[in-house]
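> Sharing a structure here in structure tokens format.
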Amino acid sequence: MSDSRSLGRRVMRGAIGVAAFFAVAEGAARAGLIDSSVPRVSEVLTHAALLLVDPAFLTAVAETMTRWAVGLLLTVAVMVPAGVLLGTFSAVERALRPLIELFRPIPSIALIPLAILLLADTFLVEIAIIMYASTWPVLINTMYAVREVDPLARETMRSFGFGSGAILLRVSLPSAAPFILTGIRISASIALIVAISTELFGPGFPGLGAYLTFVQSGADGIPIVIATAMWAGVIGLVVNGVFVAAGRRLFRWHHARGGEAV
Amino acid sequence: MRRAGARLARLWIIPVAVLLWEAVTRLAQGAYFPPPSAIAAEMYTLWLSGPASRLFLTDTVSEHVWPSLGRLLRAWVEAGLIGVVLGVALGRSARLADYVDPLVQFGRAIPPPTLLPLFLALFSIGPEMQIATIIFGIVWPVLLNSIEGARYVDRLHLETATVFRLSRAQRLLRIILPEAAPKIFAGLRLSLSLALILMVISEMVGSTDGIGYSLVLALRESELPTMWAWILMLGILGLILNAILIGAERRILAWHHRERQAT
Amino acid sequence: MLHIDDLAHVYGKGEKAHRAIDGITLTVAENELVSVVGPSGCGKSTLIRCIAGLIRPTRGRVLLGGRAIEQTPDNLAVVFQDYSRSLFPWMSVAENVALPLRRKGMNRAARAAAAQEALEQVGLADAGRKYPWELSGGMQQRVSIARALAYRPALMLMDEPFGSVDAQTREDLEDLLLTVRDHHKMTIILITHDIDESVYVGDRVVVLSSAPARIRGDLPVRLPAPRDQIATREQPEFVRLRAEVGRLVRRTTGRPADVGQPA
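Protein chains in written order, with the working numbering: chain R, 3 to 264; chain Z, 1488 to 1750; chain S, 70 to 332.
Rendered as structure tokens:
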């Protein structure tokens, strides 16, 4: 691809784009072109800065991220081995696949009422819903990654006399690892969405969802909500970025051989 | 015919699982797990016990299911149009895309539920709020996939178009769109499942009708079979919508699938 | 030391059955380099896999050193054609070469030393720290050979090892193989579709028919050693042998074979 778009240029253009957007939005608001209930950019940015020192906000972030992390970790701990199993024993996978395809479309948040009845404790409810939602990308990516390991790579190991266990450990898992990480990365952003959704559901839930509900009805509600959403976006970007960077470092070989962006 | 039979045979685990489910729930008699037979009965009462003139569909269906579906589809179509049009335009202009990229990346990263309170405040309870929430949430996968699909069009194809003096419109319709189509469809599929999630959550929190609303109502009134019925309805809906989209994609992209198999 | 006894293998059953090899009987003496040549798709790869114990043949057996092969025996190494899929990209070159040695109960230092020695023999003394994908095709195939060498097998099987590299590199690798064989005194079976190569490197050329593969000819190669790419190929004996092998191959397909074309 012709690179009249060096990295420096692209960053500059991006910055110009953001600045232009802010300028236009602010200008339009001041000129009265936008409905007065939509807050100005300057207001939102001010509140965004204020949030950083708001203990209620920071606590809410901590609460959401804790639940997010716990749910995600538990999912990975259970579903990666499960995916490896299903990827290895295709007969089992074929038998279970219709069930997977049936359960997958059920939106995890639809299960919130059920979880509330069953589990009562809001922490457990949130973790359970997060786990249900995060399961699918991790499980399916792992399954397919293990299944699609290059048969020649496996055969090479066999030709040197290695057994199935060694082949799994030394070939299947390293081969599948980049795709498993992709699955986890996708699950990570889904988990964040689902965590906040659950917290929005009702009283008793802590975290960003509760913070939003609480804050929206007060004065300056709308700009604070937008500012909170912006910070949530930043968190999402950071998390995603960490996964992408980790993928690039750990799986240099995958990218060097033109592997798909992980 | 044999293939259809073989495919059905692979679904053997479903009746087995249902029977198991029935057996376990009957034995355990838990309050929160009605047996599937009870759920099925409730589903019938709820949705299919209406007059024959309306295909046996009840009022509940017309009051809650159709409105939900209507909002979902309307939002999905609108978001799809915005995403594809904008995305293809941005994909073809690398410079323009550069200016816009950080904004798009940031927009995508904002978890849609966080904006629910915003749209609630702006539109208050009702369909506009839900549609706004859904559109804002689901436009990103379509947008990003459309950008990428339109960006990586085979240069050789474009050069051929230039050599044969195709008009801009023809280039767009006959080369760019078809080549971008697989990625665009992938984006549309993602946005559909996300739309379902957002539809539910927006109805749970800010609505007076709809499937999500009915679900929460059933919770409040502790109507367990009803609640389960609505949960399953969502699963069925997700399944059907996805299947329709995949079917449409297979037809439209038949050439693409065949080409990939040949390589 | 290798005896193949009426080997046959059929893939699939019933109407879809494909008879890959049909009744191959062959004896290979110690330190012999046997070239096996035949038209494309004639079952050569199946033969290698049966000998290596990767497939259980449907008929016949393979005896290595008097013992029948059930699974992959411990004193056998295989070099595959597609090095990019056979070398592991997440390991360095040295780690790749040393990996099979884990089964020989060597400690880490011993494995590293053996790997380095093998790499030196193939002319890649400094490549240990690099990754396979950082090397050219010819160099990667040398790594594959080094990996087999380090293992010190009694029998080395090579499945069209030089088919994926350019002609120049192929000549270098052929000479490397001869050097290594002289140095190590191992028995080698080399499968190739290249008639010139089969005569140049071999002590013996076995010609297979097209599928189902049977032995069409078994010619001793009496060319002086050491072989030289230019001088040897000028020898009248080379020309005669090459023509005879060519005729045998052609006769099996009845047309100017696709032999000699890159796979």
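Think of the CB as a built atom: it goes at the ideal place given N, C-alpha and C, for glycine as much as any other residue.
Please read these numbers as outputs of a predicted model, since none were measured by experiment.
Please decide whether Z/Tyr-1519 counts as near chain R, where near means a Cβ-Cβ distance under 8 Å.
Along the second sequence, one-based indexing puts residue 1519 of chain Z at 32. Interface residue, yes.
> Determine, for S/Val-166, whether the minimum Cβ-Cβ distance to residues of chain R falls below 8 Å.
Sequence index remark: in the third sequence, residue 166 of chain S carries index 97 (1-based). Not one chain R Cβ lies under 8 Å of S/Val-166.
> Could you name the residues of chain S that R/Trp-309 contacts, counting a contact when the two beta carbons are closer than 8 Å?
Residue 309 of chain R cannot be examined here, being either before or after the span of chain R that is shown, 3 to 264.
> Are S/Leu-76 and S/Pro-126 touching if we call contact CB-CB under 8 Å?
Start at 1 with the first residue of the third sequence, and residue 76 of chain S comes out as number 7. Start at 1 with the first residue of the third sequence, and residue 126 of chain S comes out as number 57. Taking the C-beta atoms as reference points, S/Pro-126 is found nearer than 8 Å to S/Leu-76.
> Using a Cβ distance threshold of 8 Å, determine whether the stretch 82 to 99 of chain S contacts the stretch 1729 to 1746 of chain Z, with at least three qualifying pairs required.
no
> Going by the CB atoms, is the gap between Z/Ala-1504 and R/Leu-120 shorter than 8 Å?
Along the first sequence, read from residue 1 onward, the residue named residue 120 of chain R stands at position 118. Along the second sequence, read from residue 1 onward, the residue named residue 1504 of chain Z stands at position 17. Between R/Leu-120 and Z/Ala-1504, the C-beta spacing is not below 8 Å.
> I'd like to check one pair, S/His-72 with S/Arg-145: are the Cβ atoms closer than 8 Å?
Translated into the one-based positions of the third sequence, residue 145 of chain S becomes position 76. Translated into the one-based positions of the third sequence, residue 72 of chain S becomes position 3. Per the sequence shown, the amino acid found at residue 145 of chain S is Leu instead of Arg. In this structure, S/His-72 does not lie closer than 8 Å to S/Leu-145 by Cβ.
> Considering S/His-78, what are the terminal residues of the beta strand (DSSP E) in which it resides?
Looking up residue 78 of chain S in the third sequence gives position 9. Its beta strand (DSSP E) spans residues 71 to 80.
> Grab me the residues of R/Ser-177's own chain with a C-beta within less than 6 Å of its C-beta, minus the 5 sequence neighbours each way, in chain order.
Within the first sequence, residue 177 of chain R is the residue found at index 175, counting from 1. Val-151.
> Within 10 Å of its beta-carbon, does Z/Trp-1627 have 16 or more other beta-carbons around it, so buried, or fewer, so exposed?
As a first step, residue 1627 of chain Z is located in the second sequence; it is residue number 140 there, counting from the start. Per the 10 Å Cβ criterion, buried.
> Which residues mark the beginning and the end of the beta strand (DSSP E) in which S/Pro-289 is found?
For the purposes of this step, residue 289 of chain S is identified with residue 220 of the third sequence, where counting begins at 1. Looking at the DSSP string, the run of the beta strand (DSSP E) that includes S/Pro-289 is 284 to 289.
> From R/Gly-163 to S/Ala-236, what distance separates their C-alpha atoms?
Translated into positions along the first sequence, residue 163 of chain R becomes position 161. Translated into positions along the third sequence, residue 236 of chain S becomes position 167. One C-alpha to the other measures close to 32 Å.
> Excluding the 5 residues flanking R/Leu-76 on each side, which residues of the same chain have their C-beta closer than 8 Å to its C-beta?
Residue numbering aside, residue 76 of chain R sits at position 74 when the first sequence is read from its first letter. Closer than 8 Å at Cβ, skipping near neighbours: Ile-129, Met-133.
> Would S/Arg-211 be called buried (16 or more neighbouring beta carbons within 10 Å of its own) or exposed?
Taking the third sequence and counting its residues from 1, one reaches residue 211 of chain S at position 142. With 16 or more Cβ atoms within 10 Å of its Cβ, S/Arg-211 is classed as buried.
> Measuring CA to CA, which of S/Ile-257, S/Thr-256, S/Arg-273 is closest to S/Ile-264?
As a first step, residue 264 of chain S is located in the third sequence; it is residue number 195 there, counting from the start. Measuring from the Cα of S/Ile-264, the nearest candidate turns out to be S/Arg-273.
> Does any residue of chain S bring its CB to less than 8 Å from the CB of R/Val-154?
What you label residue 154 of chain R is simply residue 152 of the first sequence in a count that begins at 1. As written in the sequence, residue 154 of chain R is Leu, which differs from the Val given in the question. It does: the Cβ of R/Leu-154 has a partner Cβ on chain S nearer than 8 Å.
> Taking its Cβ as the centre, do 16 or more other Cβ atoms sit within 10 Å of S/Ser-267, making it buried, or is it exposed?
Start at 1 with the first residue of the third sequence, and residue 267 of chain S comes out as number 198. Its Cβ being crowded by 16 or more others within 10 Å, S/Ser-267 is buried.
> What residue does the alpha helix (DSSP H) around S/Gly-207 start on, and which one ends it?
Indexing the third sequence from 1 puts residue 207 of chain S at position 138. Annotation for S/Gly-207: the continuous alpha helix (DSSP H) segment containing it runs 206 to 219.
> Going by DSSP in three states, R/Ser-39 sits in which element: helix, strand or coil?
Your numbering for residue 39 of chain R matches position 37 in the first sequence. Three-state result, R/Ser-39: coil.
> What is the DSSP secondary structure of S/Ile-258, counted as helix, strand or coil?
What you label residue 258 of chain S is simply residue 189 of the third sequence in a count that begins at 1. Three-state DSSP puts S/Ile-258 in a strand.
> Kindly indicate which three-state DSSP category R/Met-3 falls into: helix, strand or coil?
The count along the first sequence starts at 1 and reaches residue 3 of chain R at position 1. In this prediction, R/Met-3 scores a pLDDT of 44, lower than 50, which makes its location untrustworthy; no coordinate-derived value is stated.
> So within the stretch 88 to 141 of chain R, which uninterrupted alpha helix (DSSP H) runs reach at least 4 residues, ignoring any that extend past its ends?
The alpha helix (DSSP H) runs of length 4 or more contained entirely in the stretch 88 to 141 of chain R are, from start to end of the chain, 92 to 105, 114 to 121.
> Report yes or no: is there a C-beta of chain R within less than 8 Å of the C-beta of S/Leu-123?
Numbered from its first residue, the third sequence carries residue 123 of chain S at position 54. True, the Cβ-Cβ gap to chain R drops below 8 Å.
> Sort out for me which residues DSSP pairs R/Thr-158 with in a bridge.
Position 156 of the first sequence, counted from the start, is the residue given in the question as residue 158 of chain R. The partner list for R/Thr-158 (beta bridge, DSSP) is empty, contrary to what the question assumes.
> Just checking my contact of S/Ile-258 with S/Leu-226 at CB under 8 Å: how many whole Å lie between their CB atoms?
In the third sequence, the residue the question calls residue 258 of chain S occupies position 189. In the third sequence, the residue the question calls residue 226 of chain S occupies position 157. Contact holds; Cβ gap of about 5 Å.
> Could you please tell me which residues of the stretch 1707 to 1741 of chain Z, in chain order, have their CB closer than 7 Å to any CB of chain R?
Hits within the stretch, in order: Met-1714, Ile-1718, Leu-1721, Gly-1722, Gly-1725, Leu-1726, Asn-1729.
> Taking 8 Å as the threshold (C-beta atoms), are S/Leu-317 and S/Gly-286 in contact?
Here residue 286 of chain S refers to the residue found at position 217 when the third sequence is read from its first residue. Here residue 317 of chain S refers to the residue found at position 248 when the third sequence is read from its first residue. In this structure, S/Leu-317 lies closer than 8 Å to S/Gly-286 by Cβ.
> Please confirm whether R/Val-196 and R/Ile-111 have their CB atoms less than 8 Å apart.
For the purposes of this step, residue 196 of chain R is taken as the residue at position 194 of the first sequence. For the purposes of this step, residue 111 of chain R is taken as the residue at position 109 of the first sequence. The answer is yes: Cβ separation under 8 Å.
> Which residue or residues does DSSP assign as beta-bridge partners of S/His-337?
Residue 337 of chain S lies beyond the residue range present for chain S, which begins at 70 and ends at 332; the question has no answer from this structure.
> Taking 8 Å as the threshold (C-beta atoms), are S/Leu-188 and S/Ala-196 in contact?
Reading the third sequence from its first residue, position 127 is the one you call residue 196 of chain S. Reading the third sequence from its first residue, position 119 is the one you call residue 188 of chain S. Result yes, Cβ atoms of S/Ala-196 and S/Leu-188 sit closer than 8 Å.
> Please work out which residues of its chain come closer than 8 Å, Cβ to Cβ, to Z/Pro-1522, disregarding the five sequence neighbours upstream and downstream, and give them in chain order.
For this step, residue 1522 of chain Z is matched to residue 35 along the second sequence. Trp-1508, Glu-1509, Thr-1512, Arg-1513, listed in sequence order.
> Grab me the residues of R/Leu-35's own chain with a C-beta within less than 6 Å of its C-beta, minus the 5 sequence neighbours each way, in chain order.
One-based indexing of the first sequence puts residue 35 of chain R at position 33. Contacts found: none.
> If we define contact as Cβ-Cβ less than 8 Å, is R/Phe-253 a contact residue for chain Z?
For the purposes of this step, residue 253 of chain R is identified with residue 251 of the first sequence, where counting begins at 1. Chain Z contact via Cβ: absent.
> Could you compute how far the alpha carbon of Z/Pro-1502 sits from the alpha carbon of R/Leu-98?
Working through the second sequence from its first residue, we reach residue 1502 of chain Z at position 15. Working through the first sequence from its first residue, we reach residue 98 of chain R at position 96. In a straight line, the C-alpha of Z/Pro-1502 is about 12 Å away from that of R/Leu-98.
> Assuming S/Arg-273 is part of the alpha helix (DSSP H), what are its boundary residues?
By one-based count along the third sequence, residue 273 of chain S stands at place 204. S/Arg-273 -> not in any alpha helix (DSSP H); beta strand (DSSP E) instead, spanning 273 to 277.
> Compare the C-beta of R/Ser-44 with all C-beta atoms of chain Z and state if any pair is closer than 8 Å.
Working through the first sequence from its first residue, we reach residue 44 of chain R at position 42. Not one chain Z Cβ lies under 8 Å of R/Ser-44.
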